[in-house]
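Numbering-wise, the sequence shown is residues 1 to 77 according to full-length UniProt numbering.
Cβ atoms here follow ideal geometry from the backbone N, Cα and C, with glycine treated the same way.
Every value quoted in this text rests on a predicted model; they were computed, and no experiment measured them.
Read the structure below first, then the notes.
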Amino acid sequence: MFVDDSLQKEKKMASMGVAAMDSCGHLLRVVGIPIEFIRKSIIAEALAIREALENTKENGWSKVQILSDAIVVVDMV
1 MFVDDSLQKE KKMASMGVAA MDSCGHLLRV VGIPIEFIRK SIIAEALAIR
51 EALENTKENG WSKVQILSDA IVVVDMV
């Protein structure tokens, strides 16, 4: 699963995206969610990873790989 965020500090908003693909590269699911009152990208990225993990559980997937460009958040998980 690929996760990423986009932060707009002046609007106090962020968006997060999650894309799930199978082992052959076929797109299984895409989620994009706006988030209000977020001022730090690290928080938005953590929320995107949480969303990815929740989608994993909802779909009954037992083997997943979370891909993120926020190494600080990945290391915390």
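Through-space distance from residue j to residue i, alpha-carbon basis
i, j, result
"VAL31", "VAL74", "19 Å"
"ILE42", "LEU7", "10 Å"
"VAL18", "LEU67", "10 Å"
"MET76", "ASP4", "16 Å"
"CYS24", "MET1", "13 Å"
"ASN12", "VAL72", "First, the residue type needs correcting, since residue 12 is Lys and not Asn in the sequence shown. Those two C-alpha atoms are separated by around 22 Å."
"GLY60", "ALA46", "21 Å"
"GLU10", "THR56", "32 Å"
For residue i, the three-state DSSP class (helix, strand or coil)
i, result
"ALA19", "strand"
"ASP69", "coil"
"VAL74", "helix"
"SER62", "coil"
CB-CB length for residue i against residue j, believed under 8 Å
i, j, result
"ALA14", "ILE49", "13 Å between Cβ atoms; not a contact."
Distance cut-off 8 Å: residue i Cβ against heavy atoms of the ligand SAH
i, result
"ASP69", "Inclusion of the ligand SAH in the displayed structure is not the case, the ligand content being empty and no account of it being possible."
Bridge-paired residues (DSSP) for residue i
i, result
"ILE35", "ALA14"
"ARG29", "ALA20"
"LEU7", "ALA14"
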